[in-house]
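Participant:
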Amino acid sequence: IAALYVVPTPLGNLGDLTRRAEDVLRSVPWVACEDTRHSAPLLKQLGARAKTLPAHQHNEHEAAARIVDKLRAGEAVALVSDAGTPGISDPGARIVAAVRAAGCKVVPLPGACAATTALSAAGLADEHFLFHGFLPSKAGQRRQALAELAGHACALVFYEAPHRVLDTVADMAAVFGERTLVVARELTKLFENIDSLPLTVAVDWFQADPNRQRGEFVLIVSGAPPGDAGGEGERILRLLLDEGL
Ligand code: SAM
Numbered sequence: 006i007a008a009l010y011v012v013p014t015p016l017g018n019l020g021d022l023t024r025r026a027e028d029v030l031r032s033v034p035w036v037a038c039e040d041t042r043h044s045a046p047l048l049k050q051l052g053a054r055a056k057t058l059p060a061h062q063h064n065e066h067e068a069a070a071r072i073v074d075k076l077r078a079g080e081a082v083a084l085v086s087d088a089g090t091p092g093i094s095d096p097g098a099r100i101v102a103a104v105r106a107a108g109c110k111v112v113p114l115p116g117a118c119a120a121t122t123a124l125s126a127a128g129l130a131d132e133h134f135l136f137h138g139f140l141p142s143k144a145g146q147r148r149q150a151l152a153e154l155a156g157h158a159c160a161l162v163f164y165e166a167p168h169r170v171l172d173t174v175a176d177m178a179a180v181f182g183e184r185t186l187v188v189a190r191e192l193t194k195l196f197e198n199i200d201s202l203p204l205t206v207a208v209d210w211f212q213a214d215p216n217r218q219r220g221e222f223v224l225i226v227s228g229a230p231p232g233d234a235g236g237e238g239e240r241i242l243r244l245l246l247d248e249g250l
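Its first residue numbered 6, the sequence shown is counted upward by one per residue in the UniProt record's numbering.
#1: Express the C-alpha separation of ALA81 and LYS75 in angstroms, rounding to a whole number.
#2: Between the Cα of HIS157 and the Cα atoms of PHE136, PHE211, VAL223, which residue gives the shortest distance?
#3: At 4 residues or longer, what runs of the alpha helix (DSSP H) sit wholly inside the segment 95-142?
#4: Is it true that the CB of LEU58 sits closer than 8 Å to the CB of LEU9?
#5: Tell me the rounded alpha-carbon separation between ALA98 and ALA88.
#6: Below 6 Å CB to CB, which residues in the same chain sit around LEU22 once its five sequence neighbours on both sides are set aside?
#7: From this set, ALA53, GLY232, ALA152, which residue's C-alpha is nearest ASP28's C-alpha?
#8: Quick one: is the Cβ of LYS194 within less than 7 Å of any heavy atom of the ligand SAM?
#9: Are GLU39 and PRO96 closer than 8 Å when you measure CB to CB?
#10: Among residues of its own chain, excluding the 5 on either side of SER86, which ones have a beta-carbon nearer than 6 Å to its beta-carbon?
#11: Quick one: what's PRO34 bridged to in DSSP?
#12: Spatial neighbours of HIS43 within its chain, please: CB distance less than 7 Å, with the 5 preceding and 5 following residues excluded, ordered by chain position.
#13: May I ask you to report which of helix, strand or coil DSSP gives VAL174?
#14: With ASP74 as the anchor, note down where its beta strand (DSSP E) starts and where it stops.
#15: So, does the segment 219-230 touch the segment 119-135, judging by three or more C-beta pairs under 8 Å?
#16: Just checking ILE100 against the ligand SAM - is the residue's beta carbon closer than 7 Å to any of the ligand's heavy atoms?
#17: Who are LEU224's beta bridge partners in DSSP?
#18: Please name the residue or residues paired with ILE199 in a DSSP beta bridge.
#19: Is ASP200 buried or exposed, if buried means 16 or more other CB atoms sit within 10 Å of its CB?
#20: Closest to GLY116 by C-alpha separation, out of TRP210, GLY92, VAL104, would be which residue?
#21: Mind checking which residues open and close the alpha helix (DSSP H) that includes THR41?
#22: So GLU150 is in the alpha helix (DSSP H); what residue range does that whole segment cover?
Right, here's the structure in full:
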């Protein structure tokens, strides 16, 4: 029986496509793509002759059924998202679950992922981390989500879009207080920047230079200091009550 290969693609630097990923994309007859138009240039550049099929968040059930049919017919399928690792703040989980439930094999390839790339250069002392990905876009829900994370004594890893980064960092400062923030921007790209700063000055830092709000972001906040979880909780509760949440 053929397998579903879960294939990470570069975050911005084409050199980050692994040799194994290249081999798989060149050899499979089908590539399931988050966005077929987005992935077409990469496949073309590799000289891959695979046919593409759409596998985005709005058709994951249908896509899963089609992929299972292909696998049962003995045809291997690769799964790619627009950038990085499928299933990490990207579609893929339902497809993987359906393929395994159908008794077919899933083969994950290691590769590019913004969260682990940022963590590798964050230099935080926390031994553990919690990957949260995207926060809710509505302010109230975002603050509540942050408040629920405030007691964790591990680094907190977030993805954020450029138009929301300032609001999100302001909420982080309000909810977490004094922590270290690592801003990993445009990883693997021309304007890559990795900065560590006290969360309390982060809003001013972002406002001091509009370029600092441009591009793609991973935000990492250091964990709650030992023994601080109680006081922090009370402060957050007050903040949420003030906000009428
Ligand atoms: N599946 C991807 C992965 O493995 O990292 C993540 C996909 S998610 C839809 C896109 C988010 O990942 C962006 O909004 C940003 O927060 C983060 N991201 C992707 N590429 C990045 C980069 N080059 N630098 C910093 N963050 C990046």
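Glycine included, C-beta positions come from ideal geometry on N, C-alpha and C.
Note that the coordinates shown come from a computational prediction; the quantities given were computed from them, not determined experimentally.
Facilitator: Reading from the atomic positions:
#1: In the sequence shown, counting from the first residue as 1, residue 75 sits at position 70. In the sequence shown, counting from the first residue as 1, residue 81 sits at position 76. If I take the Cα positions, the gap works out to 7 Å.
#2: Residue 157 sits at position 152 when you count from the first residue of the sequence shown. Minimum Cα distance to HIS157 is reached at PHE136.
#3: Within the segment 95-142, the complete alpha helix (DSSP H) runs of at least 4 residues are 98-106, 119-125.
#4: Along the sequence shown, read from residue 1 onward, the residue named residue 9 stands at position 4. Along the sequence shown, read from residue 1 onward, the residue named residue 58 stands at position 53. It is not a contact, given that the beta carbons lie outside the stated cut-off.
#5: Counting from one through the sequence shown, the residue named residue 98 turns up at place 93. Counting from one through the sequence shown, the residue named residue 88 turns up at place 83. Cα-Cα distance, rounded: 16 Å.
#6: Against the sequence shown, residue 22 aligns to sequence position 17. Excluding residues within five positions, the ones whose Cβ falls inside 6 Å are PRO15.
#7: Walking along the sequence shown from the start, residue 28 turns up at place 23. The residue from ALA53, GLY232, ALA152 with its alpha-carbon nearest to that of ASP28 is ALA53.
#8: Counting from 1 along the sequence shown, the entry for residue 194 is found at position 189. Relative to the ligand SAM, LYS194 has its C-beta within less than 7 Å of a heavy atom.
#9: Indexing the sequence shown from 1 puts residue 39 at position 34. Indexing the sequence shown from 1 puts residue 96 at position 91. Yes, the pair counts as a contact, with Cβ atoms nearer than the cut-off.
#10: Taking the first residue of the sequence shown as 1, we reach residue 86 at position 81. Here the set comprises GLU39, ASP95.
#11: Locating residue 34 in the sequence shown gives position 29, where the first residue counts as 1. In DSSP, PRO34 forms no bridge with anything.
#12: The residue labelled residue 43 in the question sits at position 38 within the sequence shown. Correct list, in chain order: ASP87.
#13: Counted from its first residue, the sequence shown places residue 174 at position 169. Correct three-state label for VAL174: helix.
#14: The count along the sequence shown starts at 1 and reaches residue 74 at position 69. Where ASP74 is concerned, there is no enclosing beta strand (DSSP E), although the alpha helix (DSSP H) it sits in stretches over 65-77.
#15: Yes: at least three Cβ pairs fall under 8 Å.
#16: Locating residue 100 in the sequence shown gives position 95, counting from the first residue. Answer for ILE100: no, Cβ out of range of the ligand SAM.
#17: Taking the sequence shown and counting its residues from 1, one reaches residue 224 at position 219. PHE163, VAL188.
#18: Your numbering for residue 199 matches position 194 in the sequence shown. Residue pairing from DSSP places ILE199 in a beta bridge opposite ALA189.
#19: In the sequence shown, counting from the first residue as 1, residue 200 sits at position 195. Counting of Cβ neighbours within 10 angstroms places ASP200 among the exposed residues, the total staying below 16.
#20: If you number the sequence shown from 1, residue 116 lands on position 111. Of the listed residues, the one whose Cα sits closest to GLY116 is GLY92.
#21: Reading the sequence shown from its first residue, position 36 is the one you call residue 41. Judged by DSSP secondary structure, THR41 falls within the alpha helix (DSSP H) whose first and last residues are 41-51.
#22: Working through the sequence shown from its first residue, we reach residue 150 at position 145. Per the sequence shown, the amino acid found at residue 150 is Ala instead of Glu. Boundaries of the alpha helix (DSSP H) harbouring ALA150: 144-154, taken from the DSSP string.
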